Every structure is written in C-alpha cells, then in structure tokens.
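Engineer: First the structure, which I've put down as structure tokens, then a few questions once you've had a look.
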Amino acid sequence: MRKLYLIGIGAGNPEYITVQAIKALNIVDVFFFMDKGEAKQELLNLRKEICERYIEDRSYRVVEVDDPVRDPTISDYTTRVELWHRQRALIYEEMIARELEEDQCGAFLVWGDPSLYDSTLRIIEHIAAGGRLSFEFEIIPGITSIQALAARHKITLNGIGESVVITTGRQLSAGMSGAAERTIVMLDGQCSFNNLLDEELDIFWGAYLGMEEEILLSGKLSEIASMIETVRHEKRQENGWIMDTYLLCRPTGVAQARLSRSGNSDDDNDL
Ligand SMILES: C[S@@+](CC[C@H](N)C(=O)[O-])C[C@H]1O[C@@H](n2cnc3c(N)ncnc32)[C@H](O)[C@@H]1O
3 MRKLYLIGIG
13 AGNPEYITVQ
23 AIKALNIVDV
33 FFFMDKGEAK
43 QELLNLRKEI
53 CERYIEDRSY
63 RVVEVDDPVR
73 DPTISDYTTR
83 VELWHRQRAL
93 IYEEMIAREL
103 EEDQCGAFLV
113 WGDPSLYDST
123 LRIIEHIAAG
133 GRLSFEFEII
143 PGITSIQALA
153 ARHKITLNGI
163 GESVVITTGR
173 QLSAGMSGAA
183 ERTIVMLDGQ
193 CSFNNLLDEE
203 LDIFWGAYLG
213 MEEEILLSGK
223 LSEIASMIET
233 VRHEKRQENG
243 WIMDTYLLCR
253 PTGVAQARLS
263 RSGNSDDDND
273 L
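Following this note's numbering from start to finish, the sequence shown increments by one per residue and tops out at 273.
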C-alpha cells in the first residue's frame, strides 16, 4: 500500500531536523514540494537543502507543484479557506495517484510542525475520508517556530502555573485573550500588537528564527512596538518576505499578583 509521511522539518534551521525525520527521509521515494506565498523560494531551498544533506545513497524524486491561491472574492474567511482546502485536496489526490506507485513512500516536508497552522494534515485526512485512494500515513513531529522563539530568547513560554494561548494576528486584532497571561502570536502581517499599546505588556519578537537573517527584539511593548514595525517593514522590503512570531506577556510582578489574588495555590501548577 502507498505510504505518506508528513515530516516536520523545523522552522528554518536545517539543524532543527530530528533523528526520526532523517530516518523517514531516507525511505521516501517521492517528495511533494507544495509552496505558496512570498517566502516560496526560501521554503523550497530549505527543503532541497534538507534532502541533499540528510539523504544518503538513495535515489528519490521531487515533484514540485504550485499551491492554488485563495479566492479573494469570497469575503467570509472560513468559507474562503475551506474552499481552498477542497481545491488543494483534489490537486494532492490526483498528484499522489499519478506520481506514487502502489508500493512506494511519498512525503510532504512541513515547515515547523504539522500540527500548527498548517493544512497538510487536514488535506490528507480529507483525501483519506474520500476513500478513492488507499494509503496509510504517518506524522513526524518537528520544531515549531514557537519553540525556536523560546529557545532563542532563552525564555519559558508559561509563567508559573499559567496558561499560554497560541493565536493569530487576525484574532489578536480583536483584543488580548482574557484567558491567558501569555499569548503567542503567529501569522501577523499587520503588526496587531499595535492595538495593545495601552496594556502593560512585554514582547519577545523573533523574525527569520533559526535562519541567517534572524532578528530578535524584546522589551516593553509600548516602548518598542514602533521599532519592531519599522524593522519588520525594512527587512520585508530587503528580503522580499518575512515570517515573525512573538510572545506577549504581563511583566512577572503583575502576573504573579494576579495569580495570588486568584487564591490558586496548587503546588502541582508551579512549573
Ligand atoms: C503557516 S504558519 C506555519 C507554522 C509552522 N507549522 C510552525 O510549526 O511554526 C507560518 C507562521 O509561522 C511563523 N513562523 C514560521 N517560521 C518562522 C520563523 N522561522 N521565524 C519566525 N516565525 C516563523 C510565522 O508567524 C508565520 O507567519
């Protein structure tokens, strides 16, 4: 039976790849490179570099396909994305059936980890549910941009006993989540942190994490927001693309005071 691997390749540094991922790379016959967006060339180059660096004495094929673009005339975000997923599922299904023989292994190399803001798994599940193509699949986890952000800033993501919310710039523009003292923001092309300048927040910002162009900035949000926006704009112009992620958090003293007021003293939470 055909087998597909969804391999998390880490978020930018070829050395983020795991031993498990290297083992999987070495049994794949066909790699499917599906890219989109402004960072397309960079993402493609990293995937090629990973294959060349880690695959030993084995021939493999690469099939490159342009992902379809979302239809901008559909105003509802969820409808637009769902339709786009269906289009992609059709393309992927046809491509797998055409390019992969019954007894072969194929792989999608997924940026970061497949579980986080990536639709490859949803599309593969959609194809499997359709029942027209029989295959099994396995997921190999990768290092996310969130882990890279935490490591490069040398921070823990959660405060003691606190929650962490992972969200998008789109959601953040609606306001900081009341449920968490700490919020990680991805997919923010609009610098949505500017909506929160009145709040007492610190920011840990990282762009091109794990890559040569990496930039790290941190401090009081109200003091460094405009610098981040300027740097972001300039680097995007210079490189033709940018990917950035950030953590927003209440300064430690403020967060701890809130926690004590809540009266929660469960020692198991002190991690
Ligand atoms: C489509 S999501 C993919 C996330 C990916 N699956 C992961 O595990 O990190 C793309 C977003 O991830 C974040 N991102 C991915 N790679 C990054 C990097 N090297 N540096 C900073 N942010 C990154 C950015 O917020 C970007 O908008």
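Every residue, glycine too, gets a C-beta built ideally from N, C-alpha and C. Predicted model, so just to flag it, every value in this text is computed and none were measured.
Is the beta carbon of V112 closer than 9 Å to that of V64?
Structural biologist: no
Engineer: Determine the burial state of D190: buried for a count of at least 16 other Cβ atoms within 10 Å of its Cβ, exposed for fewer.
Structural biologist: buried
Engineer: Mapping DSSP to helix, strand and coil, what is C107?
Structural biologist: strand
Engineer: When DSSP labels each residue in this structure, what does L118 get in the three-state scheme?
Structural biologist: coil
Engineer: With distance defined between alpha-carbon atoms, name the residue in S165, R184 and D68 nearest to M97.
Structural biologist: Out of S165, R184 and D68, the CA that lies nearest to the CA of M97 is found in D68.
Engineer: If you drop the 5 nearest sequence neighbours on each side, which residues of the same chain put their C-beta closer than 6 Å to that of L102?
Structural biologist: R4, V32 and G108
Engineer: Do L151 and ligand 1 come close, with the Cβ less than 8 Å from some heavy atom?
Structural biologist: yes
Engineer: Can V112 be considered in contact with ligand 1, in the sense that its beta carbon sits closer than 8 Å to one or more heavy atoms?
Structural biologist: Yes.
Engineer: Give me the Cα-Cα distance between I129 and N160, rounded to the nearest whole angstrom.
Structural biologist: 37 Å
Engineer: For the alpha helix (DSSP H) holding A91, just list the boundary residues, first then last.
Structural biologist: Y79 to E101
Engineer: Closest by CA to L249, which one among F195, L6, Y79 and K50?
Structural biologist: F195
Engineer: Quick one: is S228 buried, meaning 16 or more other Cβ sit within 10 Å of its Cβ, or exposed?
Structural biologist: Flag for S228 reads exposed.
Engineer: How big is the Cα-Cα spacing for E183 and G212?
Structural biologist: 26 Å
Engineer: In chain order, which alpha helix (DSSP H) runs of at least 4 residues are fully inside the segment 168-247?
Structural biologist: 171-174 and 223-241
Engineer: So who's on the other strand from G10, going by DSSP bridges?
Structural biologist: Paired residue(s): V112.
Engineer: Cα-Cα, which of G221, S77, T247 and Q89 is closest to L174?
Structural biologist: T247
Engineer: Here's the rule: buried if 16 or more other CB atoms are within 10 angstroms of the residue's CB, otherwise exposed. What is A99?
Structural biologist: exposed
Engineer: DSSP state of I29, grouped into three classes?
Structural biologist: Three-state result, I29: coil.
Engineer: When the Cα of L219 is compared with those of P74, K156 and E54, which residue comes out closest?
Structural biologist: K156
Engineer: Excluding the 5 residues flanking I186 on each side, which residues of the same chain have their C-beta closer than 6 Å to its C-beta?
Structural biologist: Once the five neighbours on either side are set aside, the close Cβ partners of I186 are I148, I168 and L249.
Engineer: Grouping DSSP H, G and I as helix and E and B as strand, with all else coil, what is L261?
Structural biologist: Low confidence applies to L261: its pLDDT is 47, below 50, so where it sits in the model is not reliable enough to give any reading.
Engineer: Can you grab the Cα-Cα spacing for the pair R172 / M188, in whole Å?
Structural biologist: 9 Å
Engineer: Under a three-way DSSP split, which group does E164 fall into?
Structural biologist: Residue state, collapsed to three classes: coil.
Engineer: Output the boundary residues of the alpha helix (DSSP H) element that contains R55.
Structural biologist: K42 to Y56
Engineer: Contact check, I303 vs Y62 under 8 Å by CB: the rounded distance?
Structural biologist: With the chain represented from 3 up to 273, any question about residue 303 goes unanswered, as that position is not in the structure.
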